[in-house]
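Numbering (the working numbering), first residue to last: 5 to 358.
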């Protein structure tokens, strides 16, 4: 893999070159938090943040996305016909995405790109995107990525991985997309930076103090764990079903489709949805199979930490970014829930062996 040195004095100049070939997206501070936003002319990504408030998922999977438009005006020849909304699927580059968020995109892809179904909206956006990661040399205290199948220098899902090296960035090209990106920026000074990446990875991983244990989740008795009312009453006791955990999570993929009509003009939209919301599973009959808070909380964690594990054999549906831990208003902690479920799995294994 080619490693290129980028003098920070040439960083802004290179980004200006890139604007002709890419829409640039990067972390921008708004009030107290950082969000991924399209960068205007002369605007630079702010790499000072540890983690954006929302993940980079929304750069390819927007919170609200227009799919079709139509008119109900019968005087128009095309009334009551759905017409696909034109989208800008020109190349874009997401700058400063953390390795955990890039790994999360790969997990979400398992849902939108299957043998049976390929979501054209998601895939067109993903194919148009170059992910330029920024290694985490100072992980948050709530990060537990190393035991969630990821890490502060993880490369999966990235096209380029940047490492801050004082007065320069070291850029490791991981894909053809990544090499094209670096070439378009005019960065071509190849260096031997493997030792720096290896040392940085080791040092960053040593700073991560939070962990989760997952080794017993795949072998656990799903039905027994599903029906453990005492466990789920304990976990869900303080939950207020606000949905914050699902909206900040980089691996949540649930959505709803709604029509927005103003007068005779309408648009069909895809919007993020949440399994925490009481109406999420309401049937047209009025029946709700998850009508209680306990059932909804159980579903969230069983999906991430059990059903996903069993279906995809790709680890847990979590990358250890810690956002839900930081932002849950009632301090529900996925690390504790994972520990409880994994411990239950160990008991099930012992019972089978006995």
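For every residue, glycine included, the Cβ atom is placed at its ideal position computed from N, Cα and C.
Since we're looking at a predicted model, the values are computed, not measured.
(message) With H, G and I counted as helix, E and B as strand and the rest as coil, what does DSSP make of residue 316?
(response) Position 312 of the chain shown, counted from the first residue, corresponds to residue 316. Shown here, residue 316 sits in a helix according to DSSP, grouped into three states.
(request) Report yes if the CB atom of residue 119 is closer than 8 Å to the CB atom of residue 274, and no otherwise. (result) Counted from its first residue, the chain shown places residue 119 at position 115. Counted from its first residue, the chain shown places residue 274 at position 270. No; because the gap between Cβ atoms is not below 8 Å, this pair is not in contact.
(message) Excluding the 5 residues flanking residue 259 on each side, which residues of the same chain have their C-beta closer than 7 Å to its C-beta?
(response) One-based indexing of the chain shown puts residue 259 at position 255. Closer than 7 Å at the Cβ level, and outside the excluded window around residue 259, lie 274, 275, 276, 277.
(request) Report the rounded CA-to-CA distance for residue 16 versus residue 23, giving the unit in angstroms. (result) Counting from 1 along the chain shown, the entry for residue 16 is found at position 12. Counting from 1 along the chain shown, the entry for residue 23 is found at position 19. CA-CA distance, residue 16 to residue 23, rounds to 11 Å.
(message) Just to confirm the assignment: which complete beta strand (DSSP E) runs, minimum length 3, are found wholly within the region 18 to 78?
(response) For the region 18 to 78, whole beta strand (DSSP E) runs of length 3 or above, ordered along the chain, are 27 to 34, 37 to 42, 68 to 75.
(message) Using C-beta distances below 8 Å, list every residue in its chain close to residue 357, excluding the 5 sequence neighbours before and after it, in chain order.
(response) On the chain shown, position 353 is the one that residue 357 refers to. Residue confidence is low: residue 357 scores 46 on pLDDT, short of 50, so the model does not pin down where it sits. Its coordinate-derived value is still stated next. The answer is none, since no qualifying residue turns up.
(message) Considering just the uninterrupted stretch of the beta strand (DSSP E) at residue 115, what are its terminal residues?
(response) Against the chain shown, residue 115 aligns to sequence position 111. Per DSSP, residue 115 belongs to no beta strand (DSSP E); it is in the alpha helix (DSSP H), 103 to 116.
(request) Would you kindly report the start and end of the unbroken beta strand (DSSP E) that includes residue 201? (result) Position 197 of the chain shown, counted from the first residue, corresponds to residue 201. Secondary structure note for residue 201: it is in no beta strand (DSSP E), and the uninterrupted alpha helix (DSSP H) holding it is 198 to 210.
(message) So, at 6 Å on beta carbons, what are the nonlocal neighbours of residue 355 in its own chain, with the 5 sequence-adjacent residues on each side left out?
(response) Mapped onto the chain shown, residue 355 falls at position 351. Interpretation of residue 355 is limited by its pLDDT of 48, a score under 50 that renders its predicted location unreliable; no figure is taken from the coordinates.
(message) If you reduce the DSSP assignment to three classes, tell me which class residue 119 lands in.
(response) Position 115 of the chain shown, counted from the start, is the residue given in the question as residue 119. In the three-state DSSP reduction, residue 119 falls in the coil class, being neither helix nor strand.
(request) Check each candidate in 309, 66, 171 and name the one with the smallest Cα separation from residue 344. (result) As a working mapping, residue 344 is identified with position 340 in the chain shown. Between residue 344 and the set 309, 66, 171, the nearest pair of CA atoms involves 309.
(request) Inspect the beta-carbon positions of residue 108 and residue 254 and report whether they are closer than 8 Å. (result) The residue labelled residue 108 in the question sits at position 104 within the chain shown. The residue labelled residue 254 in the question sits at position 250 within the chain shown. Residue 108 places its beta carbon less than 8 Å from that of residue 254.
(message) Using 8 Å as the cut-off, can you tell me whether the region 76 to 84 makes contact with the region 124 to 142, which would need three or more C-beta pairs spanning the two stretches below that distance?
(response) In short, these stretches do not touch, since the Cβ pair count stays below three.
(message) Please state the DSSP three-state secondary structure of residue 14.
(response) Numbered from 1 along the chain shown, position 10 holds the residue referred to as residue 14. It is helical.
(message) Does the contact criterion of 3 or more C-beta pairs under 8 Å hold for the region 27 to 39 versus the region 191 to 209?
(response) Result no; under three Cβ-Cβ pairs closer than 8 Å.
(request) Taking 8 Å as the cut-off, decide whether the C-beta atoms of residue 159 and residue 165 are in contact. (result) By 1-based counting over the chain shown, the position of residue 159 is 155. By 1-based counting over the chain shown, the position of residue 165 is 161. Result yes, Cβ atoms of residue 159 and residue 165 sit closer than 8 Å.
(message) Here's the rule: buried if 16 or more other CB atoms are within 10 angstroms of the residue's CB, otherwise exposed. What is residue 5?
(response) Indexing the chain shown from 1 puts residue 5 at position 1. Result: exposed.
(request) Check the DSSP bridge columns for residue 266 and list the partner residues they point to. (result) Along the chain shown, read from residue 1 onward, the residue named residue 266 stands at position 262. 269, per the DSSP bridge assignment.
(message) Per the DSSP calculation, residue 250 is bridged to which residue(s)?
(response) Within the chain shown, residue 250 is the residue found at index 246, counting from 1. Secondary-structure assignment with DSSP links residue 250 through no beta bridge to anything.
(message) Would residue 341 and residue 305 qualify as a contact pair, given that the criterion is a beta-carbon distance under 8 Å?
(response) On the chain shown, position 337 is the one that residue 341 refers to. On the chain shown, position 301 is the one that residue 305 refers to. The answer is yes: Cβ separation under 8 Å.
(message) I'd like to know if the region 139 to 151 and the region 321 to 336 are in contact, where contact means that at least 3 CB-CB pairs between them fall below 8 Å.
(response) The region 139 to 151 makes contact with the region 321 to 336; the number of CB pairs closer than 8 Å reaches 3 or more.
(message) Do residue 8 and residue 154 count as a contact pair if the criterion is CB distance below 8 Å?
(response) Residue mapping note: residue 154 aligns to position 150 of the chain shown, counting from 1. Residue mapping note: residue 8 aligns to position 4 of the chain shown, counting from 1. No, these two residues do not count as a Cβ contact at 8 Å.
(message) If the criterion is Cβ atoms closer than 8 Å, does the pair residue 57 and residue 252 meet it?
(response) Start at 1 with the first residue of the chain shown, and residue 57 comes out as number 53. Start at 1 with the first residue of the chain shown, and residue 252 comes out as number 248. Their beta carbons are under 8 Å apart, which means residue 57 touches residue 252 by this criterion.
(message) Using the three-state DSSP reduction, which class does residue 96 fall into: helix, strand or coil?
(response) Within the chain shown, numbered from 1, the residue matching residue 96 stands at position 92. Note: residue 96 maps to strand in three-state DSSP.
(request) Helix, strand or coil for residue 125, going by three-state DSSP, please let me know. (result) By one-based count along the chain shown, residue 125 stands at place 121. Residue 125: helix per DSSP, three-state reduction.
(request) Please decide whether residue 168 counts as near chain C, where near means a Cβ-Cβ distance under 8 Å. (result) Annotation note: the requested chain C is absent from the structure, which comprises a single protein chain.
(request) Look at residue 72 and residue 87 and say whether their C-beta atoms are less than 8 Å apart. (result) Indexing the chain shown from 1 puts residue 72 at position 68. Indexing the chain shown from 1 puts residue 87 at position 83. Yes, the pair counts as a contact, with Cβ atoms nearer than the cut-off.
(message) Please give me, in chain order, every unbroken run of the beta strand (DSSP E) with length at least 3 that falls completely inside the region 133 to 182.
(response) Listed in chain order, the complete beta strand (DSSP E) runs (minimum 3 residues) inside the region 133 to 182 are 133 to 138, 164 to 168, 172 to 177.
(message) I need the DSSP call for residue 357, collapsed to helix, strand or coil.
(response) As a position in the chain shown, residue 357 is number 353, starting the count at 1. With a pLDDT of only 46 at residue 357, under 50, the local geometry of the prediction cannot be trusted, and the value read off the model is given with reservation. Residue 357 falls in the helix class under three-state DSSP.
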